[in-house]
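**Student:**
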Amino acid sequence: MTFQELILSLADYWNRHGAVLQQPYDLEVGAGTMHPDTFFRVLGPEPWRAAYCSPSRRPVDGRYGENPFRVYRHYQFQVILKPSPPNVQDLYLDSLAVFGVRSSDHDIRFEEDNWESPTLGAAGVGWQVMLDGMEISQFTYFQQAGGMDLSPVSAELTYGSERIAMFLDGIENVFDLPWNDSCTYGEIRREEEAQFSRFNFEEADLDLHLSLFGQFEAEAQRLLERGLYLPAYDFCLRCSHTFNVLDARGAVSTTERPAYIQRMRRIACACADKHLEARKAAGFPLLKPHAAGAPS
Amino acid sequence: MSPDSNRYFLLEIGCEEIPDSMLLPALRYLCQEFVSLAQRERLGLPTLEPDWLGTPRRLALRAAGISGRQEDREVEITGPKVEVAYDARGLPTRALEGFARSQGVALDSLLRVATPRGECLAVRRVQKGRSAVEVLGSVLASLIASIPFGKTMRWGAGSFRFARPIQWVVCLHGEEVVPFEVAGIPSGRVSRGPRFEGSPAIEIPDARDYVTLLQSHLVLADWSARRVRIRELVEQECARLGHGYATEERPELLDTLTGLVEHPVAAAGNFDASFLSLPGPVLSTAMIHHQRFLPVRSERGTPVSHYVAILNCRPDPLTVDRIRRGNEWVLQARLKDADFFWKEDRKRTQEDRVQDLERVLFEATLGSYRRKVDRLARLAEALCGDLRSRGHDVDTPSVLEAARICKSDLTTLMVKEFPELQGIMGSLYARLEGKPEPVCRALEQQYRGAGEAEQRERFSTLEGAALAITDRMDTLTGFFLLDRIPTGSKDPFGLRRSALAVVQAALDLRIHFSISGVIRRAVALYEEQGIRGKGDGSSRLVPFLEERLRHVCQQALGLRYDAVNAALAVGADDILDAVLRAQALHAIRGHADFEALSLSFRRVRNILAEEEVEPLTVPTLPLKEERALLKALEKAERDAGPLLGSGDYSMALQVLAGIRSPLDRFFETVLVMDPDPAVRKSRLGLLKRISLLLLRVGDFAEMVLEGEGAQLTSGVAKRG
Numbered sequence: 001m002t003f004q005e006l007i008l009s010l011a012d013y014w015n016r017h018g019a020v021l022q023q024p025y026d027l028e029v030g031a032g033t034m035h036p037d038t039f040f041r042v043l044g045p046e047p048w049r050a051a052y053c054s055p056s057r058r059p060v061d062g063r064y065g066e067n068p069f070r071v072y073r074h075y076q077f078q079v080i081l082k083p084s085p086p087n088v089q090d091l092y093l094d095s096l097a098v099f100g101v102r103s104s105d106h107d108i109r110f111e112e113d114n115w116e117s118p119t120l121g122a123a124g125v126g127w128q129v130m131l132d133g134m135e136i137s138q139f140t141y142f143q144q145a146g147g148m149d150l151s152p153v154s155a156e157l158t159y160g161s162e163r164i165a166m167f168l169d170g171i172e173n174v175f176d177l178p179w180n181d182s183c184t185y186g187e188i189r190r191e192e193e194a195q196f197s198r199f200n201f202e203e204a205d206l207d208l209h210l211s212l213f214g215q216f217e218a219e220a221q222r223l224l225e226r227g228l229y230l231p232a233y234d235f236c237l238r239c240s241h242t243f244n245v246l247d248a249r250g251a252v253s254t255t256e257r258p259a260y261i262q263r264m265r266r267i268a269c270a271c272a273d274k275h276l277e278a279r280k281a282a283g284f285p286l287l288k289p290h291a292a293g294a295p296s
Numbered sequence: 001m002s003p004d005s006n007r008y009f010l011l012e013i014g015c016e017e018i019p020d021s022m023l024l025p026a027l028r029y030l031c032q033e034f035v036s037l038a039q040r041e042r043l044g045l046p047t048l049e050p051d052w053l054g055t056p057r058r059l060a061l062r063a064a065g066i067s068g069r070q071e072d073r074e075v076e077i078t079g080p081k082v083e084v085a086y087d088a089r090g091l092p093t094r095a096l097e098g099f100a101r102s103q104g105v106a107l108d109s110l111l112r113v114a115t116p117r118g119e120c121l122a123v124r125r126v127q128k129g130r131s132a133v134e135v136l137g138s139v140l141a142s143l144i145a146s147i148p149f150g151k152t153m154r155w156g157a158g159s160f161r162f163a164r165p166i167q168w169v170v171c172l173h174g175e176e177v178v179p180f181e182v183a184g185i186p187s188g189r190v191s192r193g194p195r196f197e198g199s200p201a202i203e204i205p206d207a208r209d210y211v212t213l214l215q216s217h218l219v220l221a222d223w224s225a226r227r228v229r230i231r232e233l234v235e236q237e238c239a240r241l242g243h244g245y246a247t248e249e250r251p252e253l254l255d256t257l258t259g260l261v262e263h264p265v266a267a268a269g270n271f272d273a274s275f276l277s278l279p280g281p282v283l284s285t286a287m288i289h290h291q292r293f294l295p296v297r298s299e300r301g302t303p304v305s306h307y308v309a310i311l312n313c314r315p316d317p318l319t320v321d322r323i324r325r326g327n328e329w330v331l332q333a334r335l336k337d338a339d340f341f342w343k344e345d346r347k348r349t350q351e352d353r354v355q356d357l358e359r360v361l362f363e364a365t366l367g368s369y370r371r372k373v374d375r376l377a378r379l380a381e382a383l384c385g386d387l388r389s390r391g392h393d394v395d396t397p398s399v400l401e402a403a404r405i406c407k408s409d410l411t412t413l414m415v416k417e418f419p420e421l422q423g424i425m426g427s428l429y430a431r432l433e434g435k436p437e438p439v440c441r442a443l444e445q446q447y448r449g450a451g452e453a454e455q456r457e458r459f460s461t462l463e464g465a466a467l468a469i470t471d472r473m474d475t476l477t478g479f480f481l482l483d484r485i486p487t488g489s490k491d492p493f494g495l496r497r498s499a500l501a502v503v504q505a506a507l508d509l510r511i512h513f514s515i516s517g518v519i520r521r522a523v524a525l526y527e528e529q530g531i532r533g534k535g536d537g538s539s540r541l542v543p544f545l546e547e548r549l550r551h552v553c554q555q556a557l558g559l560r561y562d563a564v565n566a567a568l569a570v571g572a573d574d575i576l577d578a579v580l581r582a583q584a585l586h587a588i589r590g591h592a593d594f595e596a597l598s599l600s601f602r603r604v605r606n607i608l609a610e611e612e613v614e615p616l617t618v619p620t621l622p623l624k625e626e627r628a629l630l631k632a633l634e635k636a637e638r639d640a641g642p643l644l645g646s647g648d649y650s651m652a653l654q655v656l657a658g659i660r661s662p663l664d665r666f667f668e669t670v671l672v673m674d675p676d677p678a679v680r681k682s683r684l685g686l687l688k689r690i691s692l693l694l695l696r697v698g699d700f701a702e703m704v705l706e707g708e709g710a711q712l713t714s715g716v717a718k719r720g
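Those protein sequences? They're chains A and B, same order as listed. Residue 296 in our numbering sits at position 296 of the first sequence, with consecutive numbering throughout. Residue 613 in our numbering sits at position 613 of the second sequence, with consecutive numbering throughout.
Following this line, the structure appears as structure tokens:
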């Protein structure tokens with residue numbers, strides 16, 4: 001199975017289970033959770049199901065395209081199910097069958113792994129899913145987001161697409177993965193890994209990024225004051241990526257670090273508050289029966 | 001007992017995978033609470049069979065000896081007081097009539113009973129016992145809800161909290177369902193099989209059949225049996241691999257595996273022998289850390305390119321083989337990763353990495369690890385000076401060098417991936433860089449000494465002990481300055497373990513040093529950094545360390561609490577010295593001379609407690625008994641002096657025993673409080689000198705004498 005077939009088959013499966021098929025968010029994010037269709041939609045009482053493939057950029061993970069397992073940008077396949085269905089584990093296990101992994105043929109384990117994103121004021125309880133000894137997914141019951149306790153609770157499933165594809169094909173170097181029948185992952189992505197590793201670790205202009213962080217933050221706050229919480233959140237995401245670049249460049253000292261995170265968290269939580277207010281004012285439109293994305 | 005008591009009771013809480021570390025504590029709580037609940041509800045004394053029933057997907061309990069029904073009991077319901085029940089003419093009031101009516105009895109069947117609030121009218125009636133099914137059905141939901149977990153969660157639209165979502169509940173007394181509902185789930189008789197069989201529904205006709213039925217569906221629910229089974233399987237696989245092959249002894253890993261599988265199957269696997277060039281600890285950790293594979297050693301104890309994995313799967317050869325191939329593939333990738341780290345990390349020396357520590361936080365207020373190693377180098381200098389002044393031949397330059405680079409490995413890829421290799425990696429890298437052996441061994445040992453008694457690795461070099469003490473004392477002082485002092489079960493920074501390590505380092509290497517000296521220096525170093533204590537933080541550090549010392553003396557060394565109290569009562573600034581004194585006192589307890597000496601000492605202390613007394617210098621002692629005592633004292637002082645100085649407390653006590661008889665005779669014949677002030681002053685001064693001498697070993701008044709058993713408890717209580 002090629003890399004793109006894997007993503008296609010997951011999208012197809014979750015399409016059949018009532019998810020809104022979204023596209024990745026077109027800003028740099030560190031994880032699929034940061035997509036507004038996860039971060040905002042898990043707040044409040046409205047039901048929601050969405051699935052999308054999210055390129056996730058983590059500058060510190062870059063290895064110049066030379067490490068067979070680590071890349072600065074990887075593809076998470078992200079599913080959010082709200083409220084978490086009682087059979088969510090079975091739904092997840094069934095989804096593995098679309099690429100030929102049946103529970104009866106393998107050793108699939110759910111091992112404790114709790115997740116936390118201080119930047120988003122988010123935390124969850126769950127597992128890492130191990131397939132024959134390899135971690136293939138994160139499975140999280142969201143308990144908090146935007147600093148608020150969530151009710152209902154959403155289930156977030158994050159598939160590590162590269163790892164799964166490598167495992168299925170028995171390939172030991174991510175860059176050898178067949179993307180489709182004619183190209184490999186490396187042919188498409190290696191140059192990007194090399195260049196961005198250089199950029200993130202060596203070339204990113206510190207003064208520029210430090211000043212950008214401050215400007216993005218100020219803009220987010222200005223927009224928040226005008227009630228434009230969606231554009232404000234975009235600027236929060238820009239802060240987050242700028243921070244990650246600064247971090248990879250070694251420009252964030254330990255003492256400054258919590259303060260940076262606090263600054264981003266403040267914006268994210270304010271955006272969450274505003275979103276909830278707006279949805280409430282609109283009468284929580286997705287509470288209507290058979291709304292788009294609602295579980296049927 | 002009713003004939004029903006040969007029925008079994010069964011409770012099974014079916015869950016999504018519960019973290020392995022939470023499983024046993026939850027089962028213990030569940031069983032304990034169930035047993036006391038059954039007794040409280042008059043349902044007999046249940047026996048659990050087997051002890052622990054639980055897998056990642058179920059917390060269960062099976063008990064015999066639950067009666068079918070509570071015994072009937074007579075209950076008394078009190079009504080109005082007599083004054084209120086009858087009016088002035090002695091006729092029933094409305095209050096009384098109302099009470100009788102509410103109880104459905106005639107007025108003439110009421111009794112008079114004495115109660116704390118006076119004489120009352122009452123009804124006595126037999127309360128029929130309820131059936132076990134009814135009683136248990138009314139209380140089990142709250143028992144389940146009360147199970148404490150380290151971390152709980154909510155799910156779906158509910159507000160119930162548990163370790164992980166509850167999926168089903170089975171509850172039977174014999175064949176009968178005990179009906180209740182918890183987290184919106186009604187109890188029933190349908191359990192579920194393992195995931196690899198598609199979680200089939202398993203109907204349990206009778207609680208008695210639970211364990212065997214589940215076993216026939218490939219769920220080995222008995223926790224202890226599962227652990228034993230895993231061990232057997234591992235041994236079988238090893239035997240197949242080669243003669244004398246065995247896995248590393250890892251009891252905690254066996255516990256984890258028991259908590260991760262419902263039906264263990266073993267699969268030995270191989271990896272590329274070229275990875276055997278990796279250091280042993282790296283190889284083992286790569287297998288254990290993420291994969292939970294058991295590394296295999298040859299007959300000679302050297303690592304070989306095999307491991308044993310415990311799988312949770314169908315026990316058919318094709319499946320096992322498929323999973324083995326998957327496991328091998330994953331391990332190969334892990335080892336490649338480790339190999340990459342091993343090569344990459346060596347591109348920067350441990351010395352180069354000191355500056356990188358600027359970016360690694362030790363604690364928000366206390367600053368980075370860079371700050372910490374700067375403090376450590378200077379604190380180590382003070383400690384080594386103290387050690388050398390007491391004749392310990394510690395290699396100071398090596399300790400200082402080790403202190404400077406001891407946290408460098410926190411910045412290596414290997415330690416970021418495998419945090420349990422901290423210290424060990426530092427020493428491996430330092431050795432490759434050609435650092436002196438004492439430096440490398442100090443680095444390797446710095447995190448030792450935190451475990452309990454036999455399981456821990458002991459400190460084996462002076463430099464390792466010195467580095468560990470320096471590091472732990474810096475941490476302890478810092479957190480105590482910030483008033484982050486552990487309370488009760490809360491010790492998020494592991495400060496008790498740090499204190500324990502300091503004690504163990506001192507005892508393993510038998511080194512003398514001054515704790516207060518180290519603390520003073522550490523406080524000064526923090527002050528230079530602008531960090532000052534808020535409260536009396538650092539002064540509470542000494543008692544905190546003493547508490548750990550007391551624990552080690554009593555638990556690990558088996559010394560009696562009163563000997564420990566006596567020794568510590570006169571100070572524990574030098575940990576080893578305090579232990580030597582406690583050991584000597586422990587050894588002489590019960591000895592006739594010391595029983596007597598202890599009694600006399602109490603008298604001495606009581607007398608001295610009343611007066612300000614200077615030790616005797618110019619004697620005015622008219623009686624021969626007191627002159628004899630002075631003579632014995634002077635001899636004891638002369639003979640015991642060097643022994644006390646060299647820490648030979650057992651011999652010193654032998655010498656001190658010599659003043660027992662003269663002291664006894666002194667008290668028999670001499671009145672201390674003589675009317676002549678000069679004589680009185682001399683006698684008091686004489687006692688003061690005796691007291692000072694004895695106190696160099698311990699406070700003998702703390703020693704519990706034969707037949708003073710009653711004080712045992714008060715002695716413990718006093719020490720808290």
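Glycine is no exception: its CB is placed at the ideal position from the N, C-alpha and C atoms.
Going along the stretch 312-327 of chain B in order, which residues come within less than 7 Å of chain A, judged by CB to CB distance?
**Tutor:** Under the 7 Å Cβ criterion, the stretch 312-327 of chain B contributes 312, 313, 314, 319, 322, 323, 326, 327.
**Student:** Does DSSP put residue 673 of chain B in a helix, in a strand, or in coil?
**Tutor:** Here residue 673 of chain B refers to the residue found at position 673 when the second sequence is read from its first residue. If DSSP states are grouped into helix, strand and coil, residue 673 of chain B belongs with coil.
**Student:** Using a cut-off of 7 Å between C-beta atoms, extract the partners of residue 109 of chain A located in chain B.
**Tutor:** Here residue 109 of chain A is taken as the residue at index 109 of the first sequence, counted from 1. Simply 260, 312.
**Student:** I'd like the ranges of any beta strand (DSSP E) spanning at least 3 consecutive residues and lying wholly in the stretch 6-67 of chain A.
**Tutor:** List check, beta strand (DSSP E) in window: 48-57.
**Student:** List, in chain order, every chain A residue whose beta-carbon is nearer than 8 Å to that of residue 343 of chain B.
**Tutor:** Residue 343 of chain B sits at position 343 when you count from the first residue of the second sequence. Result: empty, since nearest Cβ-Cβ is about 12 Å, beyond 8 Å.
**Student:** What residues in its chain sit with their C-beta under 7 Å from that of residue 27 of chain A, if we drop five residues either side in the sequence?
**Tutor:** As a first step, residue 27 of chain A must be located in the first sequence, where it is residue number 27. 234, 237, 238.
**Student:** Counting only Cβ pairs nearer than 9 Å, list the residues of chain A close to residue 332 of chain B.
**Tutor:** As a working note, residue 332 of chain B is residue 332 in the second sequence. The contacting residues are 172.
**Student:** Assign residue 239 of chain B to one of two classes, buried (16 or more other C-beta atoms within 10 Å of its C-beta) or exposed (fewer than that).
**Tutor:** Here residue 239 of chain B corresponds to residue number 239 of the second sequence, with the count starting at 1. The residue is exposed, with fewer than 16 neighbouring Cβ atoms inside 10 Å.
**Student:** Assuming residue 312 of chain B contacts residue 196 of chain B (C-beta within less than 8 Å), just tell me the rounded distance between them.
**Tutor:** Here residue 312 of chain B corresponds to residue number 312 of the second sequence, with the count starting at 1. Here residue 196 of chain B corresponds to residue number 196 of the second sequence, with the count starting at 1. Contact flag correct, Cβ pair sits at about 7 Å.
**Student:** The alpha helix (DSSP H) that contains residue 551 of chain B, what's its start and end?
**Tutor:** Along the second sequence, read from residue 1 onward, the residue named residue 551 of chain B stands at position 551. Residue 551 of chain B -> alpha helix (DSSP H) spans 541-551.
**Student:** Residue 15 of chain B bridges to which residues according to DSSP?
**Tutor:** Counting from 1 along the second sequence, the entry for residue 15 of chain B is found at position 15. B:166, per the DSSP bridge assignment.
**Student:** Nearest chain A C-beta to residue 155 of chain B closer than 7 Å, yes or no?
**Tutor:** As a first step, residue 155 of chain B is located in the second sequence; it is residue number 155 there, counting from the start. So yes, residue 155 of chain B belongs to the interface.
**Student:** Which two residues bound the contiguous beta strand (DSSP E) that contains residue 252 of chain B?
**Tutor:** Locating residue 252 of chain B in the second sequence gives position 252, counting from the first residue. Per DSSP, residue 252 of chain B belongs to no beta strand (DSSP E); it is in the alpha helix (DSSP H), 251-260.
**Student:** For the stretch 154-187 of chain A, enumerate the residues whose C-beta is nearer than 9 Å to any C-beta of chain B, in chain order.
**Tutor:** Within the stretch 154-187 of chain A, the residues whose Cβ lies closer than 9 Å to some Cβ of chain B are 155, 166, 167, 170, 172, listed in chain order.
**Student:** In chain order, what residues of the same chain have a beta carbon less than 6 Å from the beta carbon of residue 219 of chain A, not counting five sequence neighbours either side?
**Tutor:** For the purposes of this step, residue 219 of chain A is identified with residue 219 of the first sequence, where counting begins at 1. Excluding residues within five positions, the ones whose Cβ falls inside 6 Å are 235.
**Student:** Under 7 Å, Cβ to Cβ, is there at least one residue of chain B near residue 29 of chain A?
**Tutor:** Against the first sequence, residue 29 of chain A aligns to sequence position 29. Answer no: the Cβ-Cβ gap between residue 29 of chain A and chain B never drops below 7 Å.
**Student:** For the stretch 12-27 of chain B against the stretch 44-57 of chain B, do three or more pairs of beta-carbon atoms, one drawn from each stretch, fall closer than 8 Å, so that the two count as touching?
**Tutor:** With a cut-off of 8 Å, the stretch 44-57 of chain B and the stretch 12-27 of chain B count as touching, because enough Cβ pairs lie within range.
**Student:** Report the start-end ranges of each beta strand (DSSP E) in the stretch 43-79 of chain B that is 3 residues or longer and not cut off at the edges.
**Tutor:** Within the stretch 43-79 of chain B, the complete beta strand (DSSP E) runs of at least 3 residues are 53-55, 58-64.
**Student:** Once DSSP output is grouped into helix, strand and coil, what is the label at residue 651 of chain B?
**Tutor:** If you number the second sequence from 1, residue 651 of chain B lands on position 651. Correct three-state label for residue 651 of chain B: helix.
**Student:** Jot down the residue ranges of each uninterrupted beta strand (DSSP E) in the stretch 317-383 of chain B, minimum 3 residues, whole runs only, in chain order.
**Tutor:** You should have 361-363.
**Student:** Could you tell me which of B:234, B:219, B:341, B:319 sits nearest to residue 279 of chain B, measuring between CA atoms?
**Tutor:** By 1-based counting over the second sequence, the position of residue 279 of chain B is 279. The candidate whose alpha carbon is nearest that of residue 279 of chain B is B:341.
**Student:** Run through chain B and tell me which residues come within less than 7 Å of residue 141 of chain A, C-beta to C-beta.
**Tutor:** Residue numbering aside, residue 141 of chain A sits at position 141 when the first sequence is read from its first letter. Near residue 141 of chain A (Cβ distances below 7 Å), the residues of chain B are 153, 155.
**Student:** Looking at the ligand COA, does it come within less than 6 Å of residue 272 of chain A, judged from the CB to the closest heavy atom?
**Tutor:** With respect to the ligand COA, the structure shown offers nothing to examine, as it has no ligands at all.
**Student:** Determine whether the Cβ of residue 133 of chain A lies closer than 7 Å to any Cβ atom of chain B.
**Tutor:** For the purposes of this step, residue 133 of chain A is taken as the residue at position 133 of the first sequence. Yes, contact with chain B.
**Student:** Just the Cα atoms here: how many angstroms apart are residue 188 of chain A and residue 4 of chain A?
**Tutor:** The residue given as residue 188 of chain A occupies position 188 in the first sequence. The residue given as residue 4 of chain A occupies position 4 in the first sequence. Their backbone Cα atoms lie some 12 Å apart in a straight line.
**Student:** Residues in the stretch 187-199 of chain B with C-beta within 8 Å of chain A's C-beta atoms, listed in sequence order?
**Tutor:** Under the 8 Å Cβ criterion, the stretch 187-199 of chain B contributes 195, 196, 197, 198, 199.
**Student:** Leaving out five residues on either side along the sequence, give the residues of the same chain with a beta carbon under 8 Å from the beta carbon of residue 181 of chain A.
**Tutor:** Numbered from 1 along the first sequence, position 181 holds the residue referred to as residue 181 of chain A. 2.
**Student:** Check distances from the C-beta atoms of the stretch 64-82 of chain A to those of chain B and list, in chain order, the residues that come in under 8 Å.
**Tutor:** Cβ contacts with chain B: 67, 68, 69.
**Student:** Which of the three DSSP states, helix, strand or coil, is assigned to residue 92 of chain B?
**Tutor:** For the purposes of this step, residue 92 of chain B is taken as the residue at position 92 of the second sequence. Correct three-state label for residue 92 of chain B: strand.
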